[in-house]
Amino acid sequence: MEYYRISQDTLAQLSLHDAMVRSSVARRRHWAPLDVRAAFPGVPEHELETAQQQLDELESDAARWAWSLREAGGLTETEVRDAHRGLYPEFSDVAIGDLIGLAMDMQR
């Protein structure tokens, strides 16, 4: 699954957490960079830092889940995403699924 591209102008229409996922995916896929801080000018710095820490944890888990998907062969991305939905309620299912997909692509 590939996260569809989004412009800087429409980034602010997402939640802060999903915008951070989009920015991370865009950066890793070498697409046009997205500036989350510019899209959310009123958000306090500590909220941005907290969201970034949560994203870092999610990206680490997504890499582990992607490896597990490859090794298990029987699980689907949807099953993994659904099993871990409660761990990261701030992020949409689409964002979690796309981070897992990105991690799988990067492991090739």
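Using my numbering, you'd call the opening residue of the sequence shown number 41 and step up by one each time. Beta carbons: idealized from backbone N, C-alpha and C, even for Gly.
- By the criterion of a C-beta distance shorter than 7 Å, Arg67 is surrounded in its chain by Pro73, once the five residues flanking it on both sides are discounted.
- With respect to Ala106, Met60 sits apart: the two C-beta atoms are not nearer than 8 Å.
- In this chain, the alpha helix (DSSP H) harbouring Leu98 covers Glu85 to Ala112.
- It is roughly 5 Å from the alpha-carbon of Ile140 to the alpha-carbon of Ala102.
- A Cβ-Cβ distance of about 17 Å is found for the pair Leu109 and Tyr128, leaving them out of contact under the 8 Å criterion.
- For His70, there is no enclosing alpha helix (DSSP H), as DSSP gives it neither H nor E.
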